Amino acid sequence: MNVGPATATGSLPTKNSASPPSTATPSVLLEATGLVKHYPKVKAVDGVSLKLYAGTCLGLLGPNGAGKSTTIEMLEGSLPPTAGTLRYRGEPLGDRFRQESGIQFQKTALQEFLTVRETVELFHGLYDHTLPIDEVLRLCALEELEGRDNKKLSGGQLQRLLLAVALVNDPNVLFLDEPTTGLDPQARRAFWELVQGIKARGTTVLLTTHYMDEAYVLCDRIIIMDHGKFIAEGTPRGLIEEHFGEGAAERPGPEGRPHNLEDLFLKLTGRDLRT
Amino acid sequence: MSRNIRRFAPLRRLLALLHARNLEFIRDRRTLGWNLLMPFGIVFAFAFIFSGPEKPLFKVGVLTPSGVTLAQAKAAHLHPLLGTRFVDFYTPDNADAAVRKLSRHQVDLLLDLRSTVSDKPVIADTTATTTVVGPLATSVALAPAHYWVNPDSPKGYLTEQLLRLNDRNAVRNTVSGKAISYVDWVLPGILGLNLMFSSVFGAGYVIVRYRKSGYLRRLRATPLTAFEFLSAQVLSRLLLVMTIATLVFVPLTWIVGLHVAGSGLLLFLLASLGALSLISLGLVVAAYVSSEELAGGLLNLCTWPMMLLSGVWYSLEGSSAWLQRIAQALPLTHLLDGARAIMIDGAGIADVWPHLAILAGMVLVFLGVSAVGFKWRVD
Chain Y
59 MNVGPATATG
69 SLPTKNSASP
79 PSTATPSVLL
89 EATGLVKHYP
99 KVKAVDGVSL
109 KLYAGTCLGL
119 LGPNGAGKST
129 TIEMLEGSLP
139 PTAGTLRYRG
149 EPLGDRFRQE
159 SGIQFQKTAL
169 QEFLTVRETV
179 ELFHGLYDHT
189 LPIDEVLRLC
199 ALEELEGRDN
209 KKLSGGQLQR
219 LLLAVALVND
229 PNVLFLDEPT
239 TGLDPQARRA
249 FWELVQGIKA
259 RGTTVLLTTH
269 YMDEAYVLCD
279 RIIIMDHGKF
289 IAEGTPRGLI
299 EEHFGEGAAE
309 RPGPEGRPHN
319 LEDLFLKLTG
329 RDLRT
Chain R
3 MSRNIRRFAP
13 LRRLLALLHA
23 RNLEFIRDRR
33 TLGWNLLMPF
43 GIVFAFAFIF
53 SGPEKPLFKV
63 GVLTPSGVTL
73 AQAKAAHLHP
83 LLGTRFVDFY
93 TPDNADAAVR
103 KLSRHQVDLL
113 LDLRSTVSDK
123 PVIADTTATT
133 TVVGPLATSV
143 ALAPAHYWVN
153 PDSPKGYLTE
163 QLLRLNDRNA
173 VRNTVSGKAI
183 SYVDWVLPGI
193 LGLNLMFSSV
203 FGAGYVIVRY
213 RKSGYLRRLR
223 ATPLTAFEFL
233 SAQVLSRLLL
243 VMTIATLVFV
253 PLTWIVGLHV
263 AGSGLLLFLL
273 ASLGALSLIS
283 LGLVVAAYVS
293 SEELAGGLLN
303 LCTWPMMLLS
313 GVWYSLEGSS
323 AWLQRIAQAL
333 PLTHLLDGAR
343 AIMIDGAGIA
353 DVWPHLAILA
363 GMVLVFLGVS
373 AVGFKWRVD
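Chains as they are written, first to last, in our numbering: chain Y, 59 to 333; chain R, 3 to 381.
Written out as structure tokens, the structure is:
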């Protein structure tokens, strides 16, 4: 596998606008309307709505405690909302959604005494429609590791295995929940390449991340949320220009460099430390 | 000063860890509560089960007249032997089973009082000092008692001498047969105990660990249902425990001469159903609990009563009725009673079907409860 630097080295690369991406009217794959999640003492998510268009990558960004994880868990179908509706291809989330979605949780333990191939085989057996195992291993650059025990994998290798598990059913929609947290820069960039390859296959991706460069490189659209609400939505470049002026993503600003997503993020969510 | 600090550093680190672990333990209230309750429960159970009068020297089965309980027969002085101290009198479920036990020296004497009274009074007994109620209130002595004894049994011999001292008219019947050794009797219990621990803990702990590590949450994101997941766990554990049980059991038949009087296939079927019920019981705990420590406590709560009351080490025959009723609610009791009936008495499917049916019912109930309340993720 080529683990060389991806597109996001040095200054942030220019991206074409992509909201919605194609010329034809894009189909809505997943639609959330008025999602609310209450916990006994906290309103974690306060009436958010979104549309996930087929073939695009949507980034969900927000500081710790913003309600990002709760939102993505509801979108994944693993946490029932207190109120609001979720529809996949116009239908309530059900067996079809489970068959056609792939999820990479931020932290997932796998069975310890299985090898990489055996783990992929296990999940392969849980779906009706699947990719060939060898193709999944190749897509995630795991061919050389297929005989290795799960517990002997490095952080980056484990994330690639979790991605392989999420891809085994050739999903229409892929959820990536902070997939590169804790990885070194080389492993992160290698992971970005994998995601770019998956996007090129036409897979729709919903990504959460704390890395703004990652969101800029991978996402066609981003949503920034805070205090349980969406506070900004658009293309990464479009949002930067909306808040810092036209050409701000390329022209040096007051700090001697172009504005980036992190500047936007801090402007919208503040600089106070979140507890 | 700094040298002293360094000298005590290991102790400081140890105390820091100790403090943190203690806080964790104390704040996990369910586990703490369980750790406090469990010893009380065990001590209380032991004290209750093993308290009472001195252990009797002899065991005598008493076949009482129709509608008459053993207590009524004793109160009415229906037979002089019934007043003898240090003899454990009990009422067998049926005469044939009691005679079989006599032949194996598990009972020292069988006293048959069924023909000693008539329901139709001839002469009212005006000299009776004991107030008798029920059928014996109007009954009268009719015929001598019969008894069965095994001439090969030393304790049978002594019990017969006691009987003859009290009743010279009793009619003697004999049965023959070699004594069943304690090893023959207890081995099914030990094998059952091993099956129980492997089944209950094996299935339960793994699922709690899967849930805690997030693995179950990942599986939940696939089309897998709770029933499919639980069924796979049950079958996997069943395959494992039955393979091990067979590998242990077969050599034992040669090494210690363990004999199976009945069908080996029926024994395997019963053991499989027993293991299934025990695995399902472990799943009931695993379905709801996320803490490994609490799960350990609750699984102990499931296994300890069976270890004490299911007849692993001793028979509960002759113990109080309510204790026996509790024992009948435990899957291991049916597994062991059925296994001993097949192995020792040569019982067939017609004899052990109640045990098979109860175990099958327990499997359905436990699996149903597990599947309905199954939690994929930690709350």
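For glycine and all other residues, C-beta sits at the position ideal for the given N, C-alpha and C.
If you're wondering where the values come from, they're calculated on a predicted model, not measured in any experiment.
Selected residue, minimal CA-CA separation from residue i, among the options
i: Leu116(Y); options: Thr143(Y), Leu93(Y), Val86(Y); result: Val86(Y)
i: Gln157(Y); options: Val231(Y), Val178(Y), Leu203(Y), Lys99(Y); result: Val231(Y)
i: Gly296(Y); options: Asp284(Y), Gly286(Y), Leu322(Y); result: Leu322(Y)
i: Ser279(R); options: Gln163(R), Phe10(R), Gly194(R), Ala297(R); result: Gly194(R)
i: Gly206(R); options: Leu167(R), Ala273(R), Ser292(R); result: Ser292(R)
i: Gly123(Y); options: Leu133(Y), Pro139(Y), Asp104(Y); result: Asp104(Y)
i: Ile281(R); options: Ala77(R), Met244(R), Gly313(R); result: Met244(R)
i: Val287(R); options: Gly370(R), Thr255(R), Gly85(R); result: Gly370(R)
i: Tyr185(Y); options: Val262(R), Asp353(R), Gln326(R), Leu226(R); result: Leu226(R)
i: Leu189(R); options: Tyr92(R), His261(R), Leu115(R); result: His261(R)
i: Gly63(R); options: Arg14(R), Asn24(R), Leu17(R), Gly158(R); result: Gly158(R)
i: Glu202(Y); options: Arg259(Y), His285(Y), Val275(Y), Thr173(Y); result: Thr173(Y)
i: Ala181(R); options: Ser155(R), Glu230(R), Val354(R), Asp353(R); result: Ser155(R)
i: Tyr111(Y); options: Gly120(Y), Leu137(Y), Pro84(Y); result: Pro84(Y)
i: Ala90(Y); options: Pro150(Y), His285(Y), Arg196(Y); result: Pro150(Y)
i: Gln164(Y); options: Tyr97(Y), Glu236(Y), Val94(Y), Leu180(Y); result: Glu236(Y)
i: Val89(R); options: Ala97(R), Leu325(R), Gln74(R), Leu165(R); result: Leu165(R)
i: Lys76(R); options: Asp95(R), Val109(R), Leu115(R), Ala97(R); result: Leu115(R)
i: Asp153(Y); options: Glu170(Y), Gly135(Y), Thr166(Y); result: Gly135(Y)
i: Phe270(R); options: Leu34(R), His21(R), Phe251(R); result: Phe251(R)
i: Tyr184(R); options: His107(R), Arg239(R), Thr224(R); result: His107(R)
Presumed contact (8 Å Cβ cut-off) between residue i and residue j, rounded CB distance
i: Leu338(Y); j: Leu219(Y); result: Any property of residue 338(Y) remains undetermined from this structure, which presents chain Y solely from 59 to 333.
i: Gly213(Y); j: Ala248(Y); result: With 8 Å as the limit, Gly213(Y) and Ala248(Y) do not qualify as a contact, their Cβ atoms being about 12 Å apart.
i: Glu162(R); j: Val151(R); result: 5 Å
i: Ala289(R); j: Gly375(R); result: 5 Å
i: Val194(Y); j: Leu225(Y); result: 6 Å
i: Asp339(R); j: Gly313(R); result: 7 Å
i: Gln162(Y); j: Leu234(Y); result: 5 Å
i: Leu113(R); j: Ala147(R); result: 6 Å
i: Gly205(Y); j: Gly142(Y); result: Rounded, the Cβ-Cβ distance is 45 Å, inconsistent with contact.
i: Leu268(R); j: Ile344(R); result: 6 Å
i: Pro139(Y); j: Met132(Y); result: 5 Å
i: Ala307(Y); j: Glu299(Y); result: 6 Å
Contacting residues, own chain, Cβ-Cβ under 6 Å from residue i (five flanking each side not counted)
i: Leu303(R); result: none
i: Lys287(Y); result: Asp104
i: Leu168(Y); result: Thr177, Asn208
i: Ser159(Y); result: Pro229, Val231
i: Asp95(R); result: none
Contacts around residue i, its chain only, beta-carbon distance under 7 Å, and the 5 residues preceding and following it disregarded
i: Leu283(R); result: Val202, Cys304, Pro333, Phe368
i: Cys277(Y); result: Cys115, Leu116, Gly117, Leu265, Pro294
i: Ile360(R); result: His336
i: Pro310(Y); result: Pro316
Close-in-space but distant-in-sequence residues of the same chain around residue i (CB under 8 Å, 5 per side omitted)
i: Leu285(R); result: Ala205, Gly206, Ile209, Leu232, Gln235, Val236, Phe368, Leu369, Ser372
i: Leu118(Y); result: Lys126, Thr129, Ile130, Leu264, Leu265, Thr266, Ile280, Ile281, Met283
i: Trp378(R); result: Arg213, Leu218, Arg219, Leu221, Arg222, Ala228
i: Tyr92(R); result: Lys61, Val62, Gly63, Val64, Leu72, Glu319, Gly320
i: Phe199(R); result: Thr305
i: Leu197(R); result: Val243, Ala247, Ala273, Gly276, Ala277, Leu280, Leu337
i: Val365(R); result: Leu275, Leu278, Ser279, Ser282
task = Compile a chain-ordered list of the residues in the stretch 179 to 197 of chain Y whose CB is closer than 9 Å to at least one CB of chain R.
result = Phe181, Leu184, Tyr185, Asp186
request  = Return the residues of the stretch 143 to 156 of chain Y that lie within a Cβ-Cβ distance of less than 7 Å from chain R, sorted by chain order.
outcome  = Asp153, Arg156
query = Got a sec: which bits of the stretch 199 to 231 of chain R sit with their beta carbon under 7 Å from any beta carbon on chain Y, in order along the chain?
reply = Ser215, Gly216, Tyr217, Arg219, Arg220, Arg222, Ala223, Thr224, Pro225, Leu226
query = Along the stretch 115 to 133 of chain Y, what residues have a CB closer than 9 Å to any CB found in chain R?
reply = none
Segment contact flag, the stretch 262 to 277 of chain R with the stretch 327 to 339 of chain R, C-beta cutoff 8 Å, min 3 pairs = yes
inquiry  = Using 8 Å as the cut-off, can you tell me whether the stretch 202 to 222 of chain R makes contact with the stretch 314 to 330 of chain R, which would need three or more C-beta pairs spanning the two stretches below that distance?
reply    = No, the stretch 202 to 222 of chain R is not in contact with the stretch 314 to 330 of chain R.
inquiry  = Quick test of the definition: if touching needs 3 or more C-beta pairs under 8 Å, does the stretch 95 to 106 of chain R touch the stretch 68 to 82 of chain R?
reply    = no
task = Tell me, please, whether the stretch 210 to 223 of chain R touches the stretch 347 to 358 of chain R by the rule of three or more beta-carbon pairs shorter than 8 Å.
result = no
ask   = Within the chosen definition, does the stretch 82 to 90 of chain R reach the stretch 167 to 178 of chain R through at least 3 CB pairs nearer than 8 Å?
value = Yes, since at least three Cβ pairs between the stretch 82 to 90 of chain R and the stretch 167 to 178 of chain R fall closer than 8 Å, the two stretches touch.
inquiry  = Would you call the stretch 268 to 275 of chain Y in contact with the stretch 311 to 330 of chain Y, where contact means no fewer than 3 C-beta pairs closer than 8 Å?
reply    = yes
task = Give, in chain order, every residue of the stretch 259 to 279 of chain Y whose Cβ lies closer than 7 Å to some Cβ of chain R.
result = none
ask   = Using 8 Å as the Cβ pair cut-off and three pairs as the minimum, do the stretch 175 to 195 of chain Y and the stretch 133 to 146 of chain Y touch?
value = no
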